[in-house]
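Novice: One structure, pasted below without further comment.
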Amino acid sequence: DTEVTQTPKHLVMGMTNKKSLKCEQHMGHRAMYWYKQKAKKPPELMFVYSYEKLSINESVPSRFSPECPNSSLLNLHLHALQPEDSALYLCASSARSYNEQFFGPGTRLTVL
Amino acid sequence: SQELEQSPQSLIVQEGKNLTINCTSSKTLYGLYWYKQKYGEGLIFLMMLQKGGEEKSHEKITAKLDEKKQQSSLHITASQPSHAGIYLCGADTAGGTSYGKLTFGQGTILTVHP
């Protein structure tokens, strides 16, 4: 298995909802990432996990809560989001944090 | 100013033509990554460069990192419609304990006319 999978593909949520994004890889990678990409902009790094520990948090608002339950799985818990949080959320993984990153297809999030 | 400048912003070429996309950093690059993206989809990894003077090729795409490790170019030979998409350079300019902290250029939109 040489890919990163993300679910759901699309998500629409209200500002009072709680939802989660899921990312999975079975390549034995020990670093995983969350990026946010707005339309016509490049991806922006949100979080980096290395060996299941949070190593980088790019000053992301607390309404985004990452979780890495094991080396294959990465979640992003969403709560009380704002409409401006609507974006494509990309997950990536790499063998180690200094290796090339492989991206999933993304989750298109719309906050109403 | 942007930490990573990519040029041109867009490029329209006729099928069969060669083209070059440039990526310039204001800082030393510990790793330079080239990706391709179709709109609304994930990024496809193309190549990674780490050493000054390094050059890598895959099929008709060649990427180089200059000796000073602050500029990279992506060259496509004999372009095809399948090469169309958004090309992004990503850079690790922190290194050390911040490995994995990639920042991306603004992207180059490539259109290839048959």
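These protein sequence lines map, in sequence, to chains A and B.
Take 1 as the starting number for the first sequence in our numbering and just add one per residue.
Take 113 as the starting number for the second sequence in our numbering and just add one per residue.
Ideal placement from N, C-alpha and C gives every residue a C-beta, glycine not left out.
1. Nearest CA to the CA of Leu158/B: which residue from Ile198/B, Ser137/B and Lys129/B?
2. Report the rounded CA-to-CA distance for Glu153/B versus Met13/A, giving the unit in angstroms.
3. Shorter than 8 Å from the beta carbon of Phe121/A to some beta carbon of chain B?
4. What does the alpha-carbon distance come out to for the pair Gln192/B and Pro43/A?
5. When the distance is taken between beta carbons, is Leu200/B closer than 8 Å to Tyr147/B?
6. Less than 8 Å between the beta carbons of Asn134/B and Ser122/B, yes or no?
7. For the beta strand (DSSP E) that Met13/A lies in, which residues bound it at each end?
8. Which chain A residues are close to Gly153/B, counting only those with a beta carbon under 8 Å from its beta carbon?
9. For Ser138/B and Gly165/B, I'd like the C-alpha separation in whole angstroms.
10. What did DSSP end up calling His29/A once you bin it into helix, strand or coil?
11. Since Tyr33/A meets chain B, which of its residues come closer than 9 Å, beta carbon to beta carbon?
12. With a Cβ-Cβ cutoff of 8 Å, do Ala196/B and Lys172/B count as a contact?
13. Hey, quick one: how far does the beta strand (DSSP E) through Tyr51/A stretch, first residue to last?
14. Could you list which residues in chain A have their beta carbon closer than 8 Å to that of Tyr145/B, in chain order?
15. In chain E, what lies closer than 7 Å to Ser97/A by C-beta?
16. Can the beta-carbon of Val48/A be found closer than 8 Å to that of Gly212/B?
17. Per DSSP, Cys68/A forms a beta bridge with which residues?
18. Please decide whether Gln126/B counts as near chain A, where near means a Cβ-Cβ distance under 8 Å.
19. Can you give the beta carbon distance from Gly106/A to Leu88/A, rounded, assuming they're within the 8 Å contact cut?
20. Does any C-beta atom of chain A lie closer than 8 Å to the C-beta of Gln218/B?
21. For chain A, check one thing: does any of its Cβ atoms lie closer than 8 Å to the Cβ of Leu200/B?
22. With DSSP run on the structure shown, which of helix, strand or coil describes Glu84/A?
23. By the three-class DSSP mapping on this structure, what secondary structure does Ser112/B have?
Specialist: Well, looking at it:
1. Ile198/B
2. 20 Å
3. The structure shown does not extend to residue 121/A, since chain A spans only 1 to 112, so no value can be given for it.
4. 26 Å
5. yes
6. no
7. His10 to Met13
8. Note that residue 153/B is Glu in the sequence shown here, rather than Gly. What Glu153/B touches in chain A: Pro105 and Gly106.
9. 18 Å
10. coil
11. Gly212 and Leu214
12. no
13. Here Tyr51/A belongs to no beta strand (DSSP E), and DSSP marks it neither H nor E.
14. Glu100 and Gln101
15. No chain E is present in this structure, whose protein chains are A and B.
16. yes
17. In the DSSP output, where bridge partners are listed per residue, Cys68/A has none listed.
18. no
19. 5 Å
20. yes
21. yes
22. helix
23. Given a span of 113 to 226 for chain B in the structure shown, any question on residue 112/B remains unanswerable.
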